[in-house]
Amino acid sequence: MSDVLKALAEVLEQRKKESPDSSYVASLYNKGTDTILKKVGEEAAETIIAGKGGDKEQIVYETADLWFHSMVLLAHNNLGPEDVLNELSRRFGLSGLEEKASRK
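All residue numbers for the sequence shown refer to numbering that gives the first Met the number 0, where the first residue is 0 and numbers rise by one.
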């Protein structure tokens, strides 16, 4: 796993112990799943818009926001980037059609 992802996951875990007044992430955790999901949705939409616009710098910026908020969602559910990486690893070597067919 990337050192950056690992370090970010550790910080996100630490923020669970902090006051919502002292940390943006702690405030998201405090507001709950619906607020976190809203942020993921907003960032996904902004990533789509950036992709449509074709500005590479903006695509990277918005994708970073999307990944960050997705990691907040993972941490809120006691998951981490390693869980997503393990799933991607499981899928590696499967065709997209095979992977979709194997879903329940």
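Here a beta-carbon is modelled for each residue, glycine too, at the ideal position from N, C-alpha and C.
The structure presented is a predicted model; accordingly, all values stated were derived computationally and were not measured.
Under the three-state DSSP convention, the category residue 53 falls into: As a working mapping, residue 53 is identified with position 54 in the sequence shown. Coil, per DSSP.
Inset, instruction - Specify whether the stretch 71-84 and the stretch 2-18 touch according to this definition: at least 3 beta carbon pairs, one from each stretch, less than 8 angstroms apart. - result: Verdict: yes, contact present.
For residue 78, the three-state DSSP class (helix, strand or coil):
Indexing the sequence shown from 1 puts residue 78 at position 79. In the structure shown, residue 78 sits in coil (DSSP, three-state: anything other than H, G, I, E or B).
Given a threshold of 16 other Cβ atoms within 10 Å of its Cβ, counted over all protein chains shown, does residue 32 qualify as buried or as exposed?
-> Residue numbering aside, residue 32 sits at position 33 when the sequence shown is read from its first letter. With fewer than 16 Cβ atoms within 10 Å of its Cβ, residue 32 is classed as exposed.
| query | Any chance the stretch 88-95 sits against the stretch 48-56, with 3 or more Cβ pairs inside 8 angstroms? | reply | no
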